[in-house]
Ligand code: HEM
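In our numbering, the protein residues as written are 7 to 181.
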């Protein structure tokens, strides 16, 4: 179908896509060092924006299985029930994931993630469960990329950029 073709075109990692989105990588202080250490570059952010359409397309499926996976653990289900509702959390997670692919990592992006990490600490979510949830999310993304028509170099770039944006958030959670 036409829609499917457009979607595929958006993940081809070609130069036409490269020029579209605004890319911002702005950081200083220790976080700049943390980004340097994992070799996160503007090129990675550009690749993430090229993946954004396919992630958006799959976003409902992604958040549904994310919370299914969490609710399979009764300790985590209790944390959710005591603090929020799955419906509300699905909305905030959708936005959160989309921001990972929008080509922008600046002080505001980091501050927001620090606040979210703090919220999780306050509700008693231990980092080990947080990390487990990240891995589930990563595996879902890799699964989505595998189903796209990408050659190996494009797949490799997608995996690297995605693991880097996940890693910086995990660094913040563990800080
Ligand atoms: C809140 C993301 C893991 C439970 C939130 C919010 C975001 C988010 C964006 C909204 C914060 C706000 O209101 O501004 C994530 C991400 C995770 C993760 C990216 C890991 C990849 C988990 C896990 C649990 C959980 C494993 C299991 C219990 C909650 C709860 C809230 C929340 C209960 C609501 C807190 C409150 O409003 O007081 N999360 N989350 N999260 N998350 Fe997570």
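C-beta atoms are modelled at their ideal positions from N, C-alpha and C, and glycine is treated no differently.
Check your understanding: Excluding sequence positions up to five away, which residues of its chain have a Cβ less than 7 Å from the Cβ of residue 9?
Key -> On the chain shown, residue 9 is found 3 positions in, with the first residue counted as 1. In this prediction, residue 9 scores a pLDDT of 46, lower than 50, which makes its location untrustworthy; the coordinate-derived value is nonetheless stated afterwards. Excluding its 5 nearest sequence neighbours in each direction, residue 9 has no C-beta neighbour in its own chain below 7 Å.
Review point. What whole-angstrom Cβ distance do residue 136 and residue 126 have, given they're in contact under 8 Å?
Key: Along the chain shown, one-based indexing puts residue 136 at 130. Along the chain shown, one-based indexing puts residue 126 at 120. Here residue 136 really is in contact with residue 126; their C-beta atoms are around 6 Å apart, less than 8 Å.
Practice item. Going by CA-CA distance only, name the one from 52, 105 and 131 that's closest to residue 88. Key: Here residue 88 is taken as the residue at index 82 of the chain shown, counted from 1. Of the residues 52, 105 and 131, the one whose Cα lies closest to the Cα of residue 88 is 131.
Review point. Hey, would you say residue 61 sits closer than 8 Å to residue 170, going by beta carbons?
Key: If you number the chain shown from 1, residue 61 lands on position 55. If you number the chain shown from 1, residue 170 lands on position 164. No; because the gap between Cβ atoms is not below 8 Å, this pair is not in contact.
Point to revise | Proximity of residue 55 and residue 107 at Cβ, strictly below 8 Å | key: Within the chain shown, numbered from 1, the residue matching residue 55 stands at position 49. Within the chain shown, numbered from 1, the residue matching residue 107 stands at position 101. Yes, they are a contact pair.
Practice item. Check each residue's C-beta against every heavy atom of ligand 1 and list, in chain order, those closer than 6 Å. Key: The set of residues with any CB-heavy atom separation to ligand 1 below 6 Å comprises, in chain order, 76, 82, 85, 86, 89, 90, 95, 98, 99, 102, 122, 125, 126, 129, 131, 135, 136, 139, 140 and 143.
**Study point:** With 16 other Cβ atoms within 10 Å as the buried cut-off, status of residue 77
**Key:** Here residue 77 is taken as the residue at index 71 of the chain shown, counted from 1. The Cβ neighbour count for residue 77, taken over all protein chains shown within 10 Å, is under 16; the residue is labelled exposed.
Practice item. Tell me whether residue 98 is buried or exposed, calling it buried when 16 or more other Cβ atoms sit within 10 Å of its Cβ. Key: Counting from 1 along the chain shown, the entry for residue 98 is found at position 92. Exposed, since its Cβ has fewer than 16 Cβ neighbours within 10 Å.
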